[in-house]
Amino acid sequence: MDRQTQDWLLRLMGVGLALLLSALILLALGVSPLEAVVLLFHGALGTPGDLAAVLTAWVPVLLCSAGLLLTYSSGLWNIGIEGQIVMGAVFTTGMLRLVQDLLPPPLALVLGALAGLVGGTLWAVLAGLLRLYGNVSEIFGGLGLNFVAGSLVVYLVTGPWSRPGTGTTSGTIPFPPSLWLPAFPGFAVSPVELALALVALVLVGIALRGTHFGLRLKAIGKNLRSAFLLGVPVNRYLLAAFALCGALAGLAGWILVVGASARHNLFPLISSGYGFLAILVVLLANLNALWVLPISFFFAAISMGSLELVYERQLDSAVGSAIQGLLVLSVLLTQGLQRRLLEKRAGREKARPPTEEEPAAD
Amino acid sequence: MKVELREIYKYFGPVRANDGISLSVEPGTIHGLLGENGAGKSTLMKVLSGYLSADRGEILLDGRPVRFSSPAQAIARGVGMLHQDPLDFPALTVLDNFLLGSPGSLFPNRARARRELERLAARFDFHLDPQTPLSALSIGERQQLEILRLLWLGAQVLILDEPTTAISAQQKEKLFAALRRLAEQGRTVIFVSHKLQEVEELCDRVTVLARGRVAGEAEMPCPTACLVEMMFGQAVPQGKRPAVPLGEVVLALEGLTVSDWRVEVRGLSLEVRAGEVIGLAGLEGSGQRLVLQACAGLRRPDAGRVLLAGKDMTGRPYEHFLASGVAYMPAGRLEEGLIAGMTLTEHVALAGRDRAFLVDWKAAAEEAARRIQKFNIKGRPETPVEELSGGNQQRTLLGLLPPGLKVLLMEHPTRGLDLESTEYIWGLLQKRTEEGTAILFTSADLDELLDRSDRLLVFCAGRTQLLEARRTSVQQLGERIGGKGFDR
Amino acid sequence: MDLTIFLASVLAAAPPVLFAVLGETITEKAGVINLSLDGTILLTAMAGFAVALHTGSVVPGILAAMLVGALVAGIVALASLTLRLPQVATGFVLTLLTRDLAYVLGNPYVRVPGPQVPHTPVPLLAEWPVVGKILFDQDPLVYLSLVAIVLVWVFMFKTRPGLMLQGLGEQPAAAYARGAEVVRMRYLYTLLGGALVGLGGAAFSLLVAPGWARQKFEGIGWIALAIVIFGNWHPLRAALGAYLFVALQTLATTLQSAMPDVPTQVFPTLPFPLMILTLLLVTVSGADWMNRLLARLPPGLRRVLSRTIQMLQTVPPAGLGKVPRRE
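Sequence lines, in order, name chains A, B and C.
Numbering (numbering that gives the first Met the number 0) for the first sequence: 0 to 361.
Numbering (numbering that gives the first Met the number 0) for the second sequence: 0 to 487.
Numbering (numbering that gives the first Met the number 0) for the third sequence: 0 to 326.
If you want it as C-alpha cells, here you go:
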C-alpha cells in the first residue's frame, strides 16, 4: 500500500473514530445515532429556509477561517478571534447608530463595514503588540481580550445602548430593514455576504500562494530564525497577519449585525463561537485554502442541523460543537500517529551505511 | 579500572562520527584524547559514558563487557563524564545540584550531603557554598561541583570533555592538581581536549582522533610537531590564492567587545578591505561566531564600533546591515539558513527581495533552474530543501546571496562538502572578491584557512591574534589554535 | 466586612482554583502544558456532580472527577509526548471539546439539586478565635486544599523525586543524564496534575457552586493557567496567586453591592485585563524597550523599579512545551 493510500486510510480512521465516539455519546443520552443523523441532515438541508440558515452561518466561519489561514501560516495562534468579531460588531453598531439618520442606507452600510473592519483590526493588533513587545503569549492576550470584548458588549447593551424601558440583555434596538443587507428573493441570505466571504477566501488563498507577502508569512511560520536571517522583517509581518485576520473577523462582525438573517442588533455572545469554530476548521483543513471551503460548510451544516437535534430530543445546544470537536481531535490524533509511524520507518532506513562522505560531527 | 573500547561505530545519518575506534586506558593514568572539532572525541566519550549508544562495538571495564543504556547506568558502574556544556541545573542551589540524581531514601539527608560536599571540596581545595544558586557560579566552579558529585557517586573513570574552555588559569591549576591526585589514587582519567599545551602538561598517554578514526597514539612526552601532524595531517603544499588588488576599507572594527555567557572578546580592532579574505580560526566557542554576528548586526557589541564603508552601524538593526550590502550565512544550514518545507523556487522567490506584489512563479522557477546550473546543485526547482544533501544545501545558500555585496560573512562555508564542491565554491567566492566583496569566514579546516585567506584572525578563549596567511605554516596555525603562542 | 469572615470566605471559595493551579503547576513543572484546563474543569465538575447524584454520596463523585481529569490529561500527554503534536493545538481543541461534552452530557443534571460537601468544623479547634474560624471552621475539601499545598511543597522541595521533578522542568537533558526517564515521568506528572484539576472541578460542583448549570464558571481555567505563570511554577507562590484571585473576586461582589452605579459587567470582567497586566509585568524584564526605558530614569528610581520588576519576574521551566528527541 503506498503512502498516499495509507494517509487517506488513516484520515478516514480518524473520522470514523469521531463518528463512533459521537454515536456512543448520543446513545448515552438516549438518542439513536441513526435518528441523530437524520435530524442533523433534516435540520441543515430539510427546507430552503434551513439551507439559508446554514449559508448564513457559513459566512462568518468562512471569513474567519480565511483570516486564520494567514495567522496560522505565520505560526500564530490567534485565539483572540472571537473578541475581534465582537469588536467588529460593536464598531459597526456604533457607526450605524451614528449615521443611520444622516446618510442614505447604502453609504451607511459601507461606513458600517469600514467601522467593523477597524474594530476587528484594532483588537487583533492589540493582541499582536502584547505578544511582540510585551512577551505575552497571544493565547492569553487573545483570550483576555475576548472576555473584555464580551463584557464591553454586555455593558453597552445594558447601559448606553440599551433599549428604552428594558435592562435586559436581549440587545440593542434593532436596525430598520433599510439597513439590512438585501437578500435573495424568498431566500434569507444576502448575495453580498456570500460574495464577501468567498472573495475573502479566494484572496487569502491567492495571497498565500501567489504573493511575496504570503510567501514571507509562510517562511516565518516554518522557521522564524531562517526567515529573519534571509531578510524578512519578521515583526512587521506578524503584526500584519494579526491585523488582516482582525479585519476579516471585523467584517464577520459587521455581517452578524447587518446580514439578511441577522438579528440586526448588537447582543451578548454575538460571535456565537464562530471564531473558535473557524480555528477548528483551519486545523482540520491543514492550512489548505481549498479544503477550508467544504469543511467550513460541513461544520456550518452541523451547527445548524444540530439545532433540530437539540429541539427534537431536548439535548444541550453544544451537541453540534461536541461532534465538531471530536472530529478535529480524532483527525489530529490520527495525523500525529501517521507521522510517528513514518518517522519510525525512516529511522529504520537510517541505520543503513552512509552514502556521502562527510567529516564527522562531535 | 581499566577501560577498553573496541571497534566503536556511531553514525548520525550519513555522518560517521566514530568510524571503528579502538582505545584502551590503564587505571591510574591520565589519558589524553586529542583532535579537532568534528574528529569524534565527544561522541566517543558520550558512548563510553552511556549518553549515546554505539551502533557497533564493545565497551569493557576491567575486562568485562558492559552495556549502558543511560548515563545513570554508566555512573552506577563507575563511569562519569563532565560535559563540555555543563549538564546541571542553574536555577537550583549548589547543594540541590549535588543531591539531584543520587540514590537514597525518599527524604534526602541534606545535612549529611552538605558535610560530604564540604569534605570532598576541602580535599581538592575547591570552595563551594552549598546554598548559593548554581547560576551565580562560574563555569569553573560548576565543573568542580560536577567532579565532586561524580566522585561522591563512586566514579572510578572520570571523563572530562574540554574542561578548560571557559575557566580561569587559577581554576585550571586546581583542576589539574585534582586530576593528578585522582590518578594517583588509582582512578582512570580521560582528558578530552584540543589544547596541545595542556595535553602535554597533564597526560601520560595520548590518542589522537581525526575524521572519526584513530590517527595515532603516543606516549608522553612527545614532540608537539608530532602531535600536530597526527591531528591535522601532512601539510600538503597547495596553491595559495591568487593575489587580488585590495580596495578601500569596507569594514572596520574599533575596540569591539562582544560577549556571551561563556566567552568575551575584548577590544578587537580590525580593518578589512574590499576584495580581502579574512579567515577566522579557532575552536568552537572561542569567540569567532560572536565577532561575525557583530559584523552582521545580529549582536550588539558591549563596547566599540562597527563601521561599514565609513558609516557607523553600531547598534543598528540587522535590516540596515542587509540593506548596506552585508550578507550573513549561518552555520546551521537547515536550522538557521534554509527553511525546511519550502522548495528551491520558493527560496529564490523569498530571497529575491522583489518589490512586486505577486510572485512570478515562472520567473522564479527559471531563476532557480539557472542557479541550480550555476552552483551545480543536485536538485530541481521544485525540490524541498530538506531533501537536498548537506553539500547541496550549502550551495543553495550561496546561490541565494545577492550580487554586489560589500561584506560576506560566512560560518563554515564548506563544512561537509567534498573536495570538488569546495573547489567550485571557492572559485565562485574568488570571483566575488575580484568584484570587490570582502569575505570573513570561520572554518575548522586549517588548509582552507591558510589557502583561501589573506589574513587570519586566530581566536583562543576570547583572545585574538592576527596573522599573515602566506607566512604561516599549518604547524604554527595549529599551535595557535591550541593555545600556544598567545601571551598569557 | 469583618476581616475574619472575609478570610474565611476566601478560603472557602478557593479550593477549585487552588487544586487546578497546583495540578497545572506540577504538570508544567514536568514540562507539559495542559491547555485543556478550562474545559476540563467544566467536564470534571459535571462528572463529579453526576456521579455524586447517582451514588448519593460525594466521595465517589470526587473520585470520578479526578479520574476524568486524569483521562483528559492523558490525552494531552499522549498527543504531546508520544504523537509529538503541538501542545497548543491539542490543548485548544480539547478545551472546547471537554466544555461541549460537559454541557451535552450534563444536560439532564441542570438545576438538579444534589449532594454537597458538608460543612465540618474541626471540634475544639474551630472555637479558636480568628485563626480557628478561618482555618478550622470549614469543610473537608478546604482542609484538603490546605494539606495539598503543604504536600506539594514538601514533595517538590524536600523529597528526592521532587528534586528530580524540579530538574526535569529546568533541564530535561541534565535530568536524563541523572537517570530520569523523561517521557515516563512527564506522563506521570501530567496525569497527576490532571487528577488534581479534576479535584478542583469537583470542588466547584460539590462545594463552592453546588449543582450543575451552564456557564457557571467559564474562564476560570484560563485564569488558573495565568496564575501558574504568575506563581513562577512554585507551589507556594502559585497558591498565593490563587488566594489573591479569589480574594479579589470576593471583594468584587462586596464592592458591587457597595457601588450599584458601576455596571455589573465590570467586576466579572476585571480578572481578564488584570491577567494580561500581570502576565505583562512578570515577563517584561526581557523586553528591549523596557531596558531602554529604565536606562532613562534617575538611578534611584531605576534601582527600585528594577528590583521590583526582577522580583516579579517569572522564568518558565526551560523544558516547558518542548519534547526532546532521543538519539
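The C-beta atom is built at its ideal place from N, Cα and C for all residues, glycine as well.
All values reported here derive from a predicted model rather than from experimental measurement.
Any C-beta of chain A sitting closer than 7 Å to the C-beta of residue i?
i	result
residue 348 (chain B)	yes
residue 16 (chain C)	no
residue 338 (chain B)	yes
residue 335 (chain B)	yes
Of all the options the options, which has the alpha carbon lying nearest to the alpha carbon of residue i?
i	options	result
residue 117 (chain C)	C:209, C:17, C:251	C:209
residue 79 (chain B)	B:153, B:368, B:129	B:153
residue 106 (chain A)	A:141, A:177, A:123, A:118	A:177
residue 82 (chain B)	B:151, B:94, B:50	B:50
residue 146 (chain B)	B:135, B:126, B:413, B:132	B:126
residue 186 (chain C)	C:13, C:30, C:292, C:20	C:30
residue 188 (chain A)	A:5, A:4, A:47, A:308	A:47
residue 270 (chain B)	B:104, B:260, B:294, B:159	B:294
residue 444 (chain B)	B:281, B:107, B:402	B:281
residue 73 (chain B)	B:104, B:14, B:2, B:142	B:2
residue 108 (chain C)	C:278, C:240, C:46	C:46
residue 253 (chain B)	B:40, B:262, B:266, B:241	B:266
residue 142 (chain A)	C:270, C:289, C:2	C:270
residue 219 (chain A)	B:132, B:340, B:331, B:384	B:340
residue 182 (chain C)	C:191, C:167, C:193	C:167
residue 400 (chain B)	B:420, B:349, B:414	B:349
For chain C, find out if any of its Cβ atoms is closer than 7 Å to the Cβ of residue i; answer yes or no.
i	result
residue 222 (chain A)	no
residue 157 (chain B)	no
residue 19 (chain A)	no
residue 359 (chain A)	Confidence is the limiting factor: at residue 359 (chain A) the pLDDT is only 35, short of 50, which leaves the residue's position unreliable and the question unanswerable from this model.
residue 99 (chain B)	yes
residue 527 (chain B)	Nothing about residue 527 (chain B) can be reported from this structure: the residues present for chain B run from 0 to 487 only.
residue 139 (chain A)	yes
residue 86 (chain B)	yes
residue 46 (chain B)	no
residue 70 (chain B)	yes
Going straight from the alpha carbon of residue i to that of residue j, what length do you get?
i	j	result
residue 14 (chain A)	residue 334 (chain A)	11 Å
residue 181 (chain A)	residue 263 (chain A)	13 Å
residue 273 (chain B)	residue 309 (chain B)	13 Å
residue 111 (chain C)	residue 211 (chain C)	7 Å
residue 435 (chain B)	residue 228 (chain C)	53 Å
residue 33 (chain B)	residue 195 (chain B)	8 Å
residue 28 (chain B)	residue 81 (chain C)	45 Å
residue 321 (chain A)	residue 21 (chain A)	8 Å
residue 195 (chain C)	residue 204 (chain C)	15 Å
residue 243 (chain C)	residue 75 (chain B)	47 Å
residue 231 (chain A)	residue 248 (chain C)	45 Å
Starting from residue i and walking both ways along the beta strand (DSSP E), at which residues does that stretch end?
i	result
residue 172 (chain A)	Careful: residue 172 (chain A) lies outside any beta strand (DSSP E) and carries neither H nor E.
residue 462 (chain B)	462-467
residue 273 (chain A)	Note, residue 273 (chain A): premise wrong, no beta strand (DSSP E); alpha helix (DSSP H) at 273-284.
Give a yes or no on whether 7 Å exceeds the smallest Cβ distance from residue i to chain B.
i	result
residue 6 (chain A)	no
residue 228 (chain A)	yes
residue 210 (chain A)	yes
residue 218 (chain A)	yes
residue 84 (chain C)	no
What distance in whole Å lies between the Cβ atoms of residue j and residue i, which are believed to be in contact at a cut-off of 8 Å?
i	j	result
residue 216 (chain B)	residue 206 (chain B)	5 Å
residue 129 (chain A)	residue 140 (chain A)	4 Å
residue 448 (chain B)	residue 476 (chain B)	7 Å
Which residues bound the alpha helix (DSSP H) around residue i?
i	result
residue 409 (chain B)	Unbroken run through residue 409 (chain B) is the beta strand (DSSP E), 406-410; no alpha helix (DSSP H).
residue 86 (chain A)	80-98
residue 97 (chain B)	93-98
residue 221 (chain B)	Looking at the DSSP string, residue 221 (chain B) is not in any alpha helix (DSSP H), and its letter there is neither H nor E.
For chain F, check one thing: does any of its Cβ atoms lie closer than 7 Å to the Cβ of residue i?
i	result
residue 374 (chain B)	Looking for chain F here will not work: the only protein chains present are A, B and C.
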